[in-house]
Amino acid sequence: MAETTTGSRSVTAQHTASPDRDSITIRLDEVRRTIAEACADCGRPAAQVALVAVSKTHPAESVAEALAAGQRIYGENRVQEAKAKWPELRARFPGVELHLIGPLQTNKVKDAVALFDVIETLDRPKLAEAIAAEQAKSGRRPRCLIEVNTGGEAQKAGIAPTEVDSFLAACRALDLDVVGLMCIPPVDEEPAMHFALLSDLARRNGLPVVSMGMSGDYPTAIRFGATHVRVGTAIFGARPVLPAAGG
Ligand SMILES: *Cc1c(COP(=O)(O)O)cnc(C)c1O
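According to the UniProt record's numbering, the sequence shown is numbered sequentially starting from 1.
In structure tokens:
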């Protein structure tokens with residue numbers, strides 16, 4: 001996905017190093033208002049849409065500000081980063097729900113199952129098997145979303161739309177708690193058709209959770225049936241550009 005590239009790198013770094021605390025609270029309010037408006041526009045109760053605040057790369061002080069403003073659902077894309085950041089925040093702020101939204105390597109499944117309440121990136125049979133094995137060992141059973149490659153992009157993770165039904169059946173046979181679907185549409189395409197496809201796949205499979213929409217397109221995702229929107233930049237500001245790596 002595209003990082004925000006407006007502004008010079010030094011401006012971005014400065015912003016991240018000393019976050020303007022008030023502005024996080026203000027932007028969080030704006031995002032909540034935008035969600036409520038998008039819901040009103042399409043006749044959906046606002047309570048049907050949960051905000052997943054994407055705090056990846058942002059320091060604990062920034063996250064604490066959002067926590068103090070009442071935000072409780074967060075998304076992180078790397079297991080290691082979440083492991084370093086969240087235990088302490090969780091001790092300070094009860095009631096947090098943590099979502100893994102980045103790729104999960106099988107050698108990090110143990111940590112992921114221990115840390116996350118929801119794994120949004122269940123994207124291949126090997127990972128399903130690894131989560132099932134860890135569930136049996138740890139007794140923890142995170143909710144899972146199947147990541148769907150709605151754009152059929154060769155380089156992108158996710159289950160092909162035509163394979164969702166059979167992959168879901170396989171996951172259920174492993175006793176995984178699959179509650180929904182997520183997607184990241186291709187950056188260069190109109191997202192609406194991808195959102196419509198994901199909603200339809202979820203509806204046909206009786207799955208209640210549909211995770212889609214980011215800072216640039218979450219009102220559209222809500223119109224197409226998102227139950228969870230994953231918003232980072234619009235709340236926390238631009239992220240420093242980091243090398244890509246799986247979590
Ligand atoms: C980073 C990320 C987001 C948030 O993106 P923004 O454009 O900053 O809102 C949402 N979903 C996933 C999977 C991400 O990796």
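Just so you know, even glycine gets a beta-carbon here, dropped at the ideal spot from N, CA and C.
Keep in mind it's a predicted model, so treat the numbers as computed, not measured.
Handout entry: Nearest residue (CA-CA) to L127, options Q105, Q48, Q155
Key = Nearest to L127 by C-alpha distance, out of Q105, Q48, Q155, is Q105.
Exercise for the section: Going by CA-CA distance only, name the one from T121, A40, G152, A68 that's closest to L76. Expected result: The sequence given here places Glu at residue 76; Leu does not occur at that position. For E76, the closest alpha carbon among the candidates T121, A40, G152, A68 is that of T121.
Practice task
Can you give me the start and stop residues for the beta strand (DSSP E) that R143 sits inside?
Solution key: Counting along the chain, the beta strand (DSSP E) containing R143 begins and ends at 143–147.
Problem - Buried versus exposed, by CB contacts within 10 Å (16 or more), V187 - result: It is exposed - the Cβ of V187 has fewer than 16 other Cβ atoms within 10 Å.
Exercise for the section: Spell out the partners DSSP gives E97 in its beta bridges. Expected result: E97 is bridged to I73.
Exercise for the section: In angstroms with no decimal places, state the Cα-to-Cα distance between R44 and F224. Expected result: R44 and F224: Cα-Cα distance of roughly 11 Å.
Practice task
Label G139 either buried or exposed according to how many other C-beta atoms from any shown protein chain fall within 10 Å of its C-beta, with 16 as the threshold for buried.
Solution key: So G139 counts as exposed.
Problem - heavy atom of ligand 1 below 7 Å from V179 C-beta - result: At a threshold of 7 Å, V179 does not count as near ligand 1, since its beta carbon sits no closer than that to any of the ligand's heavy atoms.
Handout entry: Complete alpha helix (DSSP H) runs within the region 204–233 (minimum length 4 residues, chain order)
Key = Within the region 204–233, the complete alpha helix (DSSP H) runs of at least 4 residues are 218–223.
Problem - Same chain, Cβ closer than 7 Å to A50, neighbours up to 5 away in sequence not counted - result: Apart from the 5 residues on each side of it in sequence, A50 sits with its Cβ closer than 7 Å to the Cβ of I73, T227, H228 in its chain, given in chain order.
Exercise for the section: Using only alpha-carbon positions, find the residue among E134, D200, L145, P191 that is nearest to T162. Expected result: If we check each option's Cα against that of T162, D200 comes out closest.
Exercise for the section: Just mark A112 as buried or exposed, buried being the case when its beta carbon has 16 or more other beta carbons within 10 Å. Expected result: Counting C-beta atoms within 10 angstroms of its own C-beta, A112 has 16 or more neighbours from the protein chains shown and is therefore classed as buried.
Handout entry: Distance cut-off 7 Å: R230 Cβ against heavy atoms of ligand 1
Key = Checking every heavy atom of ligand 1 against the Cβ of R230, one is found closer than 7 Å.
Problem - Nearest candidate by alpha-carbon position, reference G213, set A192, G158, G206 - result: In this structure, A192 is the residue among A192, G158, G206 with its C-alpha nearest to the C-alpha of G213.
Handout entry: Between the CA atoms of I101 and L47 - distance to the nearest angstrom
Key = Sequence check: residue 47 is Ala here, not Leu. So the alpha carbons of these two residues sit roughly 22 Å apart.
Practice task
Counting only the same chain and skipping the five closest in sequence on each side, list residues whose C-beta sits under 7 Å from that of L197.
Solution key: Scanning its chain for C-beta atoms nearer than 7 Å, with the 5 sequence neighbours on each side dropped, one finds around L197 the residues T150, P161, in chain order.
Handout entry: Buried versus exposed call for S62 [16 or more other C-beta atoms within 10 Å across all chains shown]
Key = Flag for S62 reads buried.
Problem - Assigned secondary structure, V63 (DSSP; H/G/I helix, E/B strand, else coil) - result: DSSP, read as helix, strand or coil, puts V63 in helix.
Practice task
Could you spell out where the beta strand (DSSP E) holding A238 opens and where it closes?
Solution key: Looking at the DSSP string, A238 is not in any beta strand (DSSP E), and its letter there is neither H nor E.
Handout entry: Residue span of the beta strand (DSSP E) that contains L51, given as start and end
Key = Counting along the chain, the beta strand (DSSP E) containing L51 begins and ends at 50–54.
Handout entry: DSSP three-state assignment for L122, whether helix, strand or coil
Key = Reduced to three states, the DSSP call for L122 is strand.
Exercise for the section: Please indicate yes or no: does the CB of I24 lie closer than 7 Å to some heavy atom of ligand 1? Expected result: For ligand 1, not one heavy atom lies less than 7 Å from the Cβ of I24.
Problem - Beta-carbon gap between A66 and I24 smaller than 8 Å - result: With respect to I24, A66 sits close: the two C-beta atoms are nearer than 8 Å.
Practice task
Mind checking who M193 pairs with in its DSSP beta bridge?
Solution key: Paired residue(s): none; M193 is not in a bridge.
Handout entry: heavy atom of ligand 1 below 7 Å from N149 C-beta
Key = For N149, the shortest C-beta to heavy atom distance toward ligand 1 is 7 Å or greater.
Practice task
For G180, write down the residues that DSSP places opposite it in a beta bridge.
Solution key: In the DSSP assignment, G180 is bridged to L145, V209.
Handout entry: Per-residue DSSP class, three states only, for T16
Key = Legend: pLDDT at T16 = 46, less than 50; position of this residue unreliable, value from coordinates given subsequently. In the displayed model, T16 falls within a helix according to three-state DSSP.
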